[in-house]
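Asks: Quick one: this structure, given as structure tokens, is what I'll be asking you about.
There are 2 protein chains.
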Amino acid sequence: MHLHYIRIMKTLSELKDELELSPVQTMLLANTGSMTVLLEALFGPVSVQTESQKILDADSETARVLEISEGETVNRRIVRLVAGERVLVHATSVAPLSRLNPEFKEDIMKRDIPIGRIMEAHRIESRREILGYDWQTAKARFAEIFSKPAGSIVLKRNYNIIHNKQPLINILEVFPYEMAK
Amino acid sequence: MHLHYIRIMKTLSELKDELELSPVQTMLLANTGSMTVLLEALFGPVSVQTESQKILDADSETARVLEISEGETVNRRIVRLVAGERVLVHATSVAPLSRLNPEFKEDIMKRDIPIGRIMEAHRIESRREILGYDWQTAKARFAEIFSKPAGSIVLKRNYNIIHNKQPLINILEVFPYEMAK
């Protein structure tokens, strides 16, 4: 089973060659801090709507990216980051259960809290390693999620949050090009 | 001796009440990741020009912010972050010598490297805690540094980089309002 879409390996400058990016779009993509903090600075209070949350076995691709063994259990959470009625970002996070401490696990599995805010609450020290970027024309489902016409552009980025020298979470973010044009 | 100007304790929303801030200015101020990464995304390659670098004894205010004892030795580095000919940011960093490992100390004391890039090179896990914001009309020296008319506005923020649950570095950044209007 394919847990995650991680084959997005363009660099930011390759993306810039293919698409015209505004300063705000560029900053959202390049950011190595909390995405929630930047979204709240731009759009006001951000909340999480959880679309699904499941315990799954890592496929080979997920295992590679998270530096775990194939078949190890991971928590996959799919959420929407929302400001008011507006869906800003669609985010899929995958985390090896063995690396989550009990409080973090509780927050990520049972509560609608953005990951940046969970990390802040637990004062977790980390660094973000960006794995790649991509864009595509939105399929019907994404167009509907973002209330955009089908075929409009979405931007994507994938990164690992590293903690204790190991990937703690892999995150795939998708957001509409128009959000920050 | 007063090492540092840390009495800037406005919140971002207080700053927004006093000044009209663009989305890009707001993001630069709110950012909890590497400042260098965002500046490079906006302006291209960023280099450091070191204005001064000294070992000093912490005064009471510096000791309070860094959670050390008064009189402990700190490294104070004052730099300009520059893209091409343009000075983007004036930054003062103060770090307790006892908390810098030998490689970090070497990079910060002897080389012109932005702190974000030093942290990345040494894969240092951290979190950034923003202490406050402020703005002022630039005095003659700052106006000259940024090649702006005297009296033009500069934005300021102060934050700690926390590593191993202790402040590793306190950074005061000053940049011209016009940089990202």
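Heads up: the protein sequence lines correspond to chains W and X, in order. Position in the first sequence (first residue = 1) + 3 = the numbering used here. Position in the second sequence (first residue = 1) + 3 = the numbering used here. Note that CB positions come from ideal geometry on N, CA and C, so glycine has one too.
#1: May I have the straight-line CA-CA distance separating residue 184 (chain W) from residue 174 (chain W), to the nearest angstrom?
#2: Taking the continuous alpha helix (DSSP H) assigned at residue 44 (chain W), which residues delimit it?
#3: For residue 158 (chain X), does the three-state DSSP call read helix, strand or coil?
#4: Quick check: residue 185 (chain W) and residue 177 (chain W), are their CB atoms within less than 8 Å of each other?
#5: Exposed or buried, residue 152 (chain W), counting other C-beta atoms within 10 Å across all chains shown (16 or more means buried)?
#6: Among X:105, X:100, X:91 and X:136, which one has its Cα closest to the Cα of residue 145 (chain X)?
#7: Hey, does residue 27 (chain W) have any beta-carbon neighbour from chain B nearer than 8 Å?
#8: Residues in the same chain with beta-carbon distance under 6 Å from residue 27 (chain X), minus the five sequence neighbours each way, listed in chain order, please.
#9: Please identify the residue among X:139, X:85 and X:147 whose C-alpha is closest to the C-alpha of residue 115 (chain X).
#10: Is there a C-beta anywhere in chain W that falls below 8 Å from the one on residue 1 (chain X)?
#11: Scan the segment 42 to 107 of chain X and note each continuous alpha helix (DSSP H) run of 4 residues or more that stays entirely inside, going in chain order.
#12: Of the residues that make up the segment 63 to 78 of chain W, which ones have a beta carbon closer than 8 Å to any beta carbon in chain X?
#13: Going by alpha carbons, who is nearest to residue 155 (chain W) out of W:164, W:143 and W:166?
#14: For the candidate residues W:172, W:137, W:161 and W:168, whose alpha-carbon lies nearest to that of residue 21 (chain W)?
#15: Looking at residue 121 (chain X) and residue 110 (chain X), is the spacing between their C-beta atoms short of 8 Å?
#16: For a contact defined as C-beta to C-beta under 8 Å, what are the partners of residue 130 (chain X) on chain W?
#17: Assign residue 4 (chain W) to one of three DSSP states: helix, strand, or coil.
#18: Determine the DSSP secondary structure at residue 149 (chain X), reduced to helix, strand or coil.
#19: Excluding the five sequence neighbours on either side, which residues of its own chain have a C-beta within less than 7 Å of the C-beta of residue 57 (chain X), listed in chain order?
#20: Determine the burial state of residue 65 (chain X): buried for a count of at least 16 other Cβ atoms within 10 Å of its Cβ, exposed for fewer.
#21: Count the other CB atoms, across all protein chains shown, that sit within 10 Å of the CB of residue 140 (chain X); report buried if there are 16 or more and exposed otherwise.
#22: Which residues of chain W have a Cβ atom closer than 8 Å to the Cβ of residue 22 (chain X), listed in chain order?
#23: Is the CB of residue 14 (chain W) under 8 Å away from at least one CB in chain X?
#24: For residue 36 (chain W), would you say it is in contact with chain X, using Cβ-to-Cβ distances shorter than 8 Å as the test?
#25: If you measure from the beta carbon of residue 85 (chain X) to each beta carbon in chain W, is any gap under 8 Å?
#26: Opposite residue 177 (chain X) in the DSSP bridges: which residues?
#27: Measure from the C-beta of residue 118 (chain X) to each C-beta in chain W and report whether the shortest distance is under 8 Å.
#28: Grab me the residues of residue 169 (chain W)'s own chain with a C-beta within less than 7 Å of its C-beta, minus the 5 sequence neighbours each way, in chain order.
Replies: Working from what's here:
#1: Working through the first sequence from its first residue, we reach residue 184 (chain W) at position 181. Working through the first sequence from its first residue, we reach residue 174 (chain W) at position 171. Cα to Cα, residue 184 (chain W) sits roughly 23 Å from residue 174 (chain W).
#2: As a first step, residue 44 (chain W) must be located in the first sequence, where it is residue number 41. Counting along the chain, the alpha helix (DSSP H) containing residue 44 (chain W) begins and ends at 38 to 46.
#3: Looking up residue 158 (chain X) in the second sequence gives position 155. In the three-state scheme derived from DSSP, where H, G and I count as helix and E and B as strand, residue 158 (chain X) is classed as strand.
#4: One cannot answer for residue 185 (chain W) here, as it falls past the ends of chain W, which runs 4 to 184.
#5: Taking the first sequence and counting its residues from 1, one reaches residue 152 (chain W) at position 149. Only exposed fits residue 152 (chain W), as fewer than 16 other CB atoms lie within 10 angstroms of its CB.
#6: As a working mapping, residue 145 (chain X) is identified with position 142 in the second sequence. Checking every option, the nearest Cα to that of residue 145 (chain X) belongs to X:91.
#7: Absent from the structure is chain B; the protein chains it does hold are W and X.
#8: If you number the second sequence from 1, residue 27 (chain X) lands on position 24. Result list for residue 27 (chain X): 183, in chain order.
#9: In the second sequence, counting from the first residue as 1, residue 115 (chain X) sits at position 112. Scanning X:139, X:85 and X:147 for the CA closest to the CA of residue 115 (chain X) turns up X:85.
#10: Here chain X covers residues 4 to 184 and nothing more, so residue 1 (chain X) does not appear.
#11: Listed in chain order, they are 63 to 69.
#12: Of all residues in the segment 63 to 78 of chain W, none has a Cβ within less than 8 Å of some Cβ in chain X.
#13: For the purposes of this step, residue 155 (chain W) is taken as the residue at position 152 of the first sequence. Distances from the alpha-carbon of residue 155 (chain W) to those of W:164, W:143 and W:166 put W:143 closest.
#14: Numbered from its first residue, the first sequence carries residue 21 (chain W) at position 18. Of the candidates W:172, W:137, W:161 and W:168, the one whose C-alpha sits nearest the C-alpha of residue 21 (chain W) is W:137.
#15: Walking along the second sequence from the start, residue 110 (chain X) turns up at place 107. Walking along the second sequence from the start, residue 121 (chain X) turns up at place 118. In contact: residue 110 (chain X) and residue 121 (chain X) (Cβ atoms closer than 8 Å).
#16: To locate residue 130 (chain X), count along the second sequence from 1; it is residue 127. Within 8 Å Cβ-Cβ: 122, 123, 126, 127, 128 and 129.
#17: Position 1 of the first sequence, counted from the first residue, corresponds to residue 4 (chain W). For residue 4 (chain W), the predicted structure reports a pLDDT of 39, less than 50, and the residue's modelled location is therefore unreliable. The matter cannot be settled from this model.
#18: Reading the second sequence from its first residue, position 146 is the one you call residue 149 (chain X). Assignment of residue 149 (chain X) by DSSP, reduced to helix, strand and coil, places it in the coil class.
#19: The residue you call residue 57 (chain X) lines up with position 54 of the second sequence. When the five nearest sequence neighbours on each side are left out, the beta carbons in the same chain lying within less than 7 Å of the beta carbon of residue 57 (chain X) are those of 79, in order along the chain.
#20: Within the second sequence, the letter at position 62 stands for residue 65 (chain X). It is buried - the Cβ of residue 65 (chain X) has at least 16 other Cβ atoms within 10 Å.
#21: Along the second sequence, one-based indexing puts residue 140 (chain X) at 137. Counting C-beta atoms within 10 angstroms of its own C-beta, residue 140 (chain X) has fewer than 16 neighbours from the protein chains shown and is therefore classed as exposed.
#22: Your numbering for residue 22 (chain X) matches position 19 in the second sequence. The premise fails here: residue 22 (chain X) is roughly 14 Å from chain W at the closest Cβ pair, so nothing lies under 8 Å.
#23: Counting from 1 along the first sequence, the entry for residue 14 (chain W) is found at position 11. No - not a single Cβ of chain X is within 8 Å of the one on residue 14 (chain W).
#24: Mapped onto the first sequence, residue 36 (chain W) falls at position 33. So, interface residue.
#25: Numbered from 1 along the second sequence, position 82 holds the residue referred to as residue 85 (chain X). With 8 Å as the cut-off, residue 85 (chain X) does not count as an interface residue toward chain W.
#26: Taking the first residue of the second sequence as 1, we reach residue 177 (chain X) at position 174. In DSSP, residue 177 (chain X) forms a bridge with X:93 and X:159.
#27: Here residue 118 (chain X) corresponds to residue number 115 of the second sequence, with the count starting at 1. No, its Cβ sits nowhere closer than 8 Å to a Cβ of chain W.
#28: Residue mapping note: residue 169 (chain W) aligns to position 166 of the first sequence, counting from 1. The answer, listed in chain order, is 70 and 102.
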